[in-house]
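What follows is a set of notes on a single structure, which appears directly below.
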Amino acid sequence: MPLDMGSQAVNSGPIPGLQMILTEDHLKSSRDIHNNLPDDDILLGVVGEISEHLPQLRLLFEEFGVENLFGVHILHKHSEVPDGFHLVGRTEIRDKRLYYWTRVVDDTLNPSKVCGRKFVFDPQHGLYPYEFHEGPMPDLSKVDPKFFLRFTEYLVTHELTSILGLINDRLALLTTKNYEEDLLYSRSKHETSFT
């Protein structure tokens, strides 16, 4: 159900890969969304632009008690995803350390075996996944669905829909200090050819 936000409507329907099981169409659309994101060289350039919004977003996440389930991220890509492939991440524990890695997988991926990890706002569809995580959808039984609407409204109102997205990640942090460290880490990973 779209809600009128002035010149842009906010779709408050179920979020694919988070509130509803993914389909082949979701996977195909995600590749196009990902490939239309800006390159990762924009990361450090937008820190100043978004830093004023991080405290308000943190308060929003805390108000709904989701600060340990979700985070925000700067929309970007490290490379193009070829036709017939998708980005899928996996969490592994090795030597008592937690690792998260993302790889490109082909269309043989079963959409019921993954959930959405990174989401971008699409005016027609609302929050929409463009990167996935192996495993079932998270249990959102204790998450007020109004959180997603309020988050999206904030992005639309402050014209951040082309800069920020939602990440389904219990490890994601929403503090300016850690966010800047994450940006620098992401930048250094890219510069050393790790994606």
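Counting in full-length UniProt numbering, the sequence shown runs from 1 upward without gaps. Every residue gets a Cβ at the ideal spot worked out from N, C-alpha and C, and that includes glycine.
Asked, Found
"On the three-state DSSP scale, how would you describe His86?", "strand"
"If you follow the beta strand (DSSP E) that Gly165 is part of, which residue opens it and which one closes it?", "164 to 168"
"What is the DSSP secondary structure of Ile42, reduced to helix, strand or coil?", "helix"
"Which residue wins for smallest C-alpha separation from Tyr130, given the options Thr157, Gly13, Val156, Cys115?", "Cys115"
"Which residues share a DSSP beta bridge with Arg103?", "Val88"
"On the three-state DSSP scale, how would you describe Ile21?", "coil"
"Suppose you measure from the CA of Leu60 to the CA of Ile93; what does that come to, to the nearest Å?", "31 Å"
"What's the call for Leu69, buried or exposed, on a 16-neighbour Cβ count within 10 Å?", "buried"
"Between Leu166 and the ligand PLP, is there a pair consisting of the residue's CB and a ligand heavy atom that are separated by less than 6 Å?", "No copy of the ligand PLP occurs in the structure displayed, which carries no ligand at all."
"Would His86 and Val105 be called neighbours here (beta carbons separated by less than 7 Å)?", "yes"
"Need the endpoints of the alpha helix (DSSP H) that Val156 sits in, please.", "146 to 157"
"Considering only DSSP beta bridges, list what Pro129 is partnered with.", "Phe119"
"Are there 16 or more other CB atoms within 10 angstroms of the CB of Leu98, so buried, or fewer, so exposed?", "exposed"
"So what's Ile93 in DSSP terms, helix, strand or just coil?", "strand"
"Decide yes or no for the touch test of the region 158 to 165 against the region 117 to 128: beta carbon pairs closer than 8 Å, at least 3 of them.", "yes"
"Candidates Leu109, Arg90, Val46, Glu63: which alpha carbon is nearest Gly84's?", "Leu109"
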